[in-house]
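The working numbering applies: residue 788 is where the sequence shown begins, and numbers increase by one.
Beta carbons: idealized from backbone N, C-alpha and C, even for Gly.
This structure is a prediction, so every number in the text was calculated from the model and none was measured.
Here's the structure, in structure tokens; my notes come after.
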Amino acid sequence: MQTSVNYQPQYSQYEIKPIPVYPYSLNLYMNYPQEDIEINEFEIFGLDRLKLLKEIENHQIRSTVPLNENTKLLDVIKNNTYINLKENSSTYSSVKEKYEERRKDYLSHYILKLAYCQTEDLRDWFIKQECILFQIRWNNSSKSEKQGFVQSLNLNLENVSMKEKEKLRDKLETLISLKSNVKNGEELSRLFSNKNYFKINFEEVLDLVQSRSVLIKNGLAYVPDEEIISVIISKYKSFLTESMEYLSSIYNKLLKEDNDRLDPILKNIANQYIDEGYTAGNNGVINHQDIPNLTKYFPLCMQNLQKSLQMESHLRHGGRMQYGLFLKGIGVSLEESLLFWKKAFSKKFNDDQFQKGYAYNIRHSYGMEGKRTNYSPFSCSKIIMTNPPSTGDHHGCPFRHASTTVLEKMLYQTGINKNHVPEICSLAKLGHYQLACTKMLTIFTNANEEEVENVIHPNRYFDQSYPESEYNKNKKQSSNTMDTQKTVSMEF
Ligand code: SF4
């Protein structure tokens, strides 16, 4: 990809002939972009796509509804102002508008792909959200758009002949009946006749095999045309996985002389997501002696760090950073923080050793040393996606980094009703780490699901779970105000 400060698209050529570059709104982005882009556009496009994918994730965190039934998510994608797309049959005010819309979609995908290719967790996140985005767009596309797009993919699918289809009639009709709940013979026959089938290696459509939506014969899956989306998603996923690993390996070579300009932008885009800011609202209100008693209000990652600290009288750097910044966020001042860590390490380190080995880093994290950066507490995304714990480390997110057995044990130790443990563990196992954490918070606070905000930051978990937090005090105050207003208006 090139960058340029003199990018001048020649729209006139697109007024004359149809645009061959972006023929459909649906896209698997399999060809690398060849066009120039202004440096400021480069950043804006990347950030806009990130905002869209983030909205998708926020809706997905709470939802276990299948994608094709998730109307809220469809609304998010249809109404977003970051990267919007209309299909070919839609009305555009000009060809230029259509071109610009699709160009932004195309380039933004690649910019974010480049920003997110660097680590496995970042790649996984990007691929997951992009596949959801594609699937929702597919569900929302017209039949003609889908047909044209599938043809353009040249998937080389093997059609099942009429003769073979007829031979398999009984088995295929049974499957249709199971899926549609239609029992009437005539209706089943009509549905069967309207379907075309493709033969595909079963490994390419494992989700259809798992949901028993296809017939398997001699290692081949007989896939009806309306399920072809599974084949496309499977190919898309493999393509993204392979191409992002490749991009990661050639990252520096690819940026070449633009490295100085592009690398900071790409890093900033990736960090915008993982460094989701948290502004503490509880400044200096927690004393170091209070911390052990407050642990029950902490999310599991921080409960684990406190417990490990008590047991080992020490935490490695990753744990000290994650836990220290969290404590700062809940309202532990620098002075109290120094007292807390000194006391916690006292079984292994005397005062002199503590001052020499650890005090500087604590002051540094409060912005009192070195570059004087006032560091923010880590977000869930940062904890989940970066710096995974090694043996002997205790940082990280237990829902992401602990085995199911260890996670179960940790959950039992929190005193949570053990009936909920299997559900929380299975959410974590399915990769819904923050949903598992939100579930834990909902149970702990004895709240309704709608009352609890998704856990996207450990400190926001604490804000919601600790009754004395500024968050909860403000919440209580505003609900009291509403009650008062209600009373007044009723008196009138
Ligand atoms: S989801 Fe976030 S708050 Fe919850 S345990 Fe994981 S990192 Fe901590």
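Inter-residue spacing [alpha-carbon to alpha-carbon] between residue i and residue j
i: CYS1088; j: VAL1193; result: 13 Å
i: VAL1208; j: ILE1078; result: 26 Å
i: LYS1054; j: LEU839; result: 18 Å
i: THR790; j: GLN938; result: Summary for THR790: the model assigns pLDDT 44, below 50, so the residue's position carries little reliability, and this model does not support an answer.
i: LEU909; j: LYS970; result: 47 Å
i: ILE806; j: LYS1196; result: For ILE806, the predicted model reports a pLDDT of 42, less than 50, meaning its position is unreliable and no value from the coordinates is stated.
i: ILE826; j: THR1082; result: 47 Å
i: LYS1262; j: ALA1234; result: 14 Å
i: LYS883; j: GLU932; result: 20 Å
i: ASN926; j: ASN988; result: 24 Å
i: ASN943; j: LYS900; result: 27 Å
i: ASN818; j: GLU856; result: 31 Å
i: VAL947; j: LEU1198; result: 51 Å
i: ASP1138; j: PRO1254; result: 35 Å
i: VAL808; j: GLY1179; result: 52 Å
Presumed contact (8 Å Cβ cut-off) between residue i and residue j, rounded CB distance
i: TYR1084; j: SER1252; result: 4 Å
i: CYS1184; j: ILE1203; result: Contact doesn't hold; Cβ gap of about 17 Å is too wide.
i: LEU963; j: LEU955; result: A small fix is needed here, since residue 963 is Ile in this sequence, not Leu. Contact doesn't hold; Cβ gap of about 12 Å is too wide.
i: LEU978; j: SER967; result: 7 Å
Neighbourhood of residue i by C-beta, 7 Å cutoff - its chain only, sequence neighbours within 5 removed
i: GLN821; result: none
i: VAL863; result: GLU842, ILE843, HIS846
i: VAL1239; result: THR1225, LEU1228, THR1229, THR1232, GLN1251
i: ALA902; result: GLY833, LEU1053, ILE1056, ALA1057
Residue i burial status per 10 Å Cβ neighbour count (16 or more: buried)
i: LYS1040; result: exposed
i: LEU1217; result: exposed
i: SER917; result: One point to set straight first is that residue 917 is Glu, not Ser, in the sequence displayed. Label assigned to GLU917: buried.
i: MET1031; result: buried
i: VAL792; result: Confidence at VAL792 is low in this model, with a pLDDT of 31, below 50, so the placement of that residue is unreliable and no value is reported for it.
i: LEU965; result: exposed
Contacting residues, own chain, Cβ-Cβ under 8 Å from residue i (five flanking each side not counted)
i: ASN1246; result: TYR1065, ALA1067, PHE1113, GLY1116, ILE1117, PRO1164
i: SER928; result: SER812, LEU813, GLU874, PHE936
i: GLY1154; result: THR1160, ASN1161, TYR1162
i: ASP835; result: TYR869, ILE870, LYS891, SER895
i: ALA1008; result: LYS986, ILE987, ASN988, PHE989, GLU991, VAL992, LEU995, VAL996, VAL1001, LEU1002
i: TYR1110; result: MET1089, LEU1092, GLN1093, LEU1096, LEU1102, HIS1182
i: ASP1012; result: LYS982, ASN983, TYR984, PHE985
Residue i CB to nearest heavy atom of the ligand SF4 below 7 Å
i: ILE1171; result: yes
i: CYS1212; result: no
i: PRO1245; result: yes
i: PHE1186; result: yes
i: VAL996; result: no
i: VAL1242; result: yes
i: TYR1110; result: no
i: TYR1220; result: yes
i: LEU1092; result: no
i: LEU1087; result: yes
i: TYR879; result: no
i: TYR1253; result: no
i: TYR1248; result: yes
i: CYS1224; result: yes
i: CYS1167; result: yes
Cutoff 6 Å; reference residue i; Cβ partners in own chain excluding five residues on either side
i: LYS1129; result: PHE1141
i: ILE1243; result: CYS1167
i: GLY1106; result: LEU1092, HIS1181, HIS1182
Interface flag, residue i vs chain B, CB-CB below 8 Å
i: PHE1132; result: Annotation note: the requested chain B is absent from the structure, which comprises a single protein chain.
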